[in-house]
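The structure appears right after this line, and notes come after that.
Protein chains in written order, with the numbering used here: chain A, 36 to 308; chain B, 145 to 447.
Here you go:
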């Protein structure tokens, strides 16, 4: 398509203007985090920047502890829900167990259902069995949510994968278990990576479930810790900004390396709904 | 949406395929899902028929009163009204910005489009709490937005945006617009990328200018993507919780109170558990209806 030089220039202007708008709030916190501490005495800094703010925020805001909790919660949720999703997606998509369609619709219900709908009874029932204020109260509901999406995601993959290949494996004497793990799962690697990345991000960023389920400071996840830090630390913005950067960084790093999986996953996952 | 369906006529699989053992694969995932999502949903329906303060041993059966209260109670009605306002900011505005933006970018095939995509999609992967912290700073009396206004001489407009009765809800809404526009644009761009070039050539041979080209070719071709974008963003608007919790906690007054926040507030702050679950159930039903309606319209338009 041929476009005039003027139009091209205008396009670049729009592109840059829009990207600047998208980056503005993020740049604000990154620059504040690197600036001189507006609350306390600041060191000399390095080339006018103050990376020591991050160390200070880490110490004052207990972010090490929050990141550790988030990491445990996210890794356990990802591992368990991805394995369970592969199994149930295989049952619904490739093995086609009787009643697969109604079960699939039940899982779809879970994808659409907001956490707000179930969080209240879940809290009181988990309190009755003594699970609130444990890491399990944060992990188990999120595994359930991730299995709903994951089953749907893996089912779609297994349905589209080659029937002939499964047949060939079976004729070679492979049972359904071996067919799954040595034929289908290696083929499904990109789909599984996307699922892993999405579940990790959703779990890391989740706010309502840990907010409701956890009282102990030691069990706060990173976003929850940041929200409390904002409420308590009112001396200035620098350390809060540094804390916000600390909370966001792990996912942003993942995003930089695996952005195709993030974007494709979020768009396709949505389209398939 | 259509992609999940199809595959009919593949039959029920070859004979001799192990079928009952298939349930063993399904079972672990389904059990966790049933225990921590399906069962609580049933319990939510049950809770919503009672009045209970969350602490005492006694609860009173009140039938559907918690539901009728949603229509009768002025603050609750207002909170659903606020959700409607947020839908405009989360869904309509991003679409109005994203459509021309994606059209321009798709037409010109400019360089650096990949980098642009990465940047505008970035808000989607950042925790809402972090986003809320950043925007609170921008909206602060001495924050970036007021600095920018003073810079262009609009000092009279400068204010504490999130503390202002008139402006707080719109200020929260603009964060939603900022958050969703990148997603909508990237979604539309991927749809437009799939439009065959011949369609444009044919339109141009018919003498269509850029505007007619947009309405005759581009817009009809991305109806499916528009439906998806609307579904996602409308649901996000209805589910606004983290953002309100961190920026305004429903205030000033109740001017930014939204249904999701009411669920939390009533259940865990006010000890009104029945009402909280009734709002949660209503929210689920509304989300269900909206996504069904939007997808029906989208399907009809594409078929």
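Cβ atoms here follow ideal geometry from the backbone N, Cα and C, with glycine treated the same way.
Report task. Report yes or no: do three or more beta-carbon pairs, one from the stretch 151–163 of chain A and one from the stretch 267–279 of chain A, lie closer than 8 Å? Result -> no
Query - residue 204 of chain B - DSSP class collapsed to helix/strand/coil - result: strand
Report task. Closer than 7 Å by C-beta to residue 272 of chain A: which residues in its own chain qualify, once you throw out the five before and the five after it? Chain order, please. Result -> 67 and 73
Report task. My understanding is that residue 204 of chain B touches residue 211 of chain B, with C-beta atoms under 8 Å, so please give their C-beta distance in whole angstroms. Result -> The Cβ separation is near 15 Å, so there is no contact.
Report task. Keeping to the same chain, check which residues put their C-beta closer than 7 Å to that of residue 463 of chain B; ignore five residues upstream and five downstream. Result -> The structure shown has nothing for residue 463 of chain B, since chain B only spans 145 to 447.
Report task. Grab the span of the alpha helix (DSSP H) containing residue 226 of chain B for me, first residue to last. Result -> 218–231
**Report entry** Straight-line Cα distance separating residue 353 of chain B from residue 187 of chain B
**Finding:** 58 Å
Query raised in the report: If you draw a straight line from the C-alpha of residue 237 of chain B to the C-alpha of residue 374 of chain B, how long is it?
Result: 11 Å
Query raised in the report: Taking 8 Å as the CB-CB limit, is residue 49 of chain A close to chain B?
Result: yes
Requested in this report: Indicate whether at least one CB of chain A lies closer than 8 Å to the CB of residue 262 of chain B.
Outcome: yes
Query raised in the report: Any C-beta of chain B sitting closer than 8 Å to the C-beta of residue 265 of chain A?
Result: yes
Query raised in the report: Could you check where the alpha helix (DSSP H) with residue 291 of chain B kicks off and where it finishes?
Result: 288–295
Query raised in the report: Closest to residue 299 of chain B by CA distance: which of B:306, B:291 and B:410 is it?
Result: B:291
Query raised in the report: What does residue 275 of chain B touch in chain A if you count any residue whose Cβ is under 8 Å from its own?
Result: 60
Query raised in the report: Taking only beta-carbon atoms, is residue 174 of chain B less than 8 Å away from chain A?
Result: yes
Report task. Measure the C-alpha to C-alpha separation of residue 210 of chain A and residue 165 of chain B and round it to an integer number of angstroms. Result -> 11 Å
Query raised in the report: Name the DSSP bridge partner or partners of residue 194 of chain B?
Result: B:205
Query raised in the report: In chain B, which residues lie less than 9 Å from residue 186 of chain A when you measure between Cβ atoms?
Result: 170, 173, 174 and 177
Report task. Taking 8 Å as the cut-off, decide whether the C-beta atoms of residue 407 of chain B and residue 313 of chain B are in contact. Result -> no
Requested in this report: Compare the beta carbon distance of residue 181 of chain B and residue 294 of chain A with 8 Å and say whether it is the shorter of the two.
Outcome: no
Report task. Please decide whether residue 242 of chain A counts as near chain B, where near means a Cβ-Cβ distance under 8 Å. Result -> yes
Query raised in the report: Taking only beta-carbon atoms, is residue 105 of chain B less than 8 Å away from chain A?
Result: Absent from the structure is residue 105 of chain B, since the part of chain B shown begins at 145 and ends at 447.
Requested in this report: Return the CA-CA distance between residue 255 of chain B and residue 47 of chain A, expressed in angstroms with no decimal places.
Outcome: 9 Å
Report task. For residue 84 of chain A, name the three-state secondary structure that DSSP assigns. Result -> strand
Query raised in the report: Which chain D residues are close to residue 145 of chain A, counting only those with a beta carbon under 8 Å from its beta carbon?
Result: Protein chains in the displayed structure are A and B, and chain D is not among them.
Query raised in the report: Comparing the C-beta of residue 100 of chain A with each C-beta of chain B, is any distance below 8 Å?
Result: no
Query raised in the report: Around the C-beta of residue 216 of chain A, are 16 or more other C-beta atoms found within 10 angstroms, so that it is buried, or is it exposed?
Result: exposed
Query raised in the report: Are there 16 or more other CB atoms within 10 angstroms of the CB of residue 277 of chain A, so buried, or fewer, so exposed?
Result: buried
Query raised in the report: Would you call residue 177 of chain A buried or exposed, if buried means 16 or more other Cβ atoms sit within 10 Å of its Cβ?
Result: buried
Query raised in the report: Taking the continuous alpha helix (DSSP H) assigned at residue 160 of chain A, which residues delimit it?
Result: 150–163
Query raised in the report: If we ignore side chains and look at the alpha-carbon of each, how far apart do residue 296 of chain B and residue 123 of chain A end up?
Result: 59 Å
Query - Nearest-angstrom beta carbon gap, residue 220 of chain B and residue 214 of chain B [assumed within contact, 8 Å] - result: 5 Å
Requested in this report: Could you check the C-alpha separation between residue 197 of chain B and residue 411 of chain B for me, to the nearest Å?
Outcome: 8 Å
Requested in this report: Mind listing the chain B neighbours of residue 160 of chain A? Cutoff is C-beta to C-beta under 9 Å, in chain order.
Outcome: 183, 184 and 187
Query raised in the report: When you compare only the Cα positions, how much space is there between residue 275 of chain B and residue 267 of chain B?
Result: 8 Å
Query raised in the report: Going along the chain, which residues of its own chain have a beta-carbon closer than 6 Å to the beta-carbon of residue 245 of chain B, five neighbours each way excluded?
Result: 329
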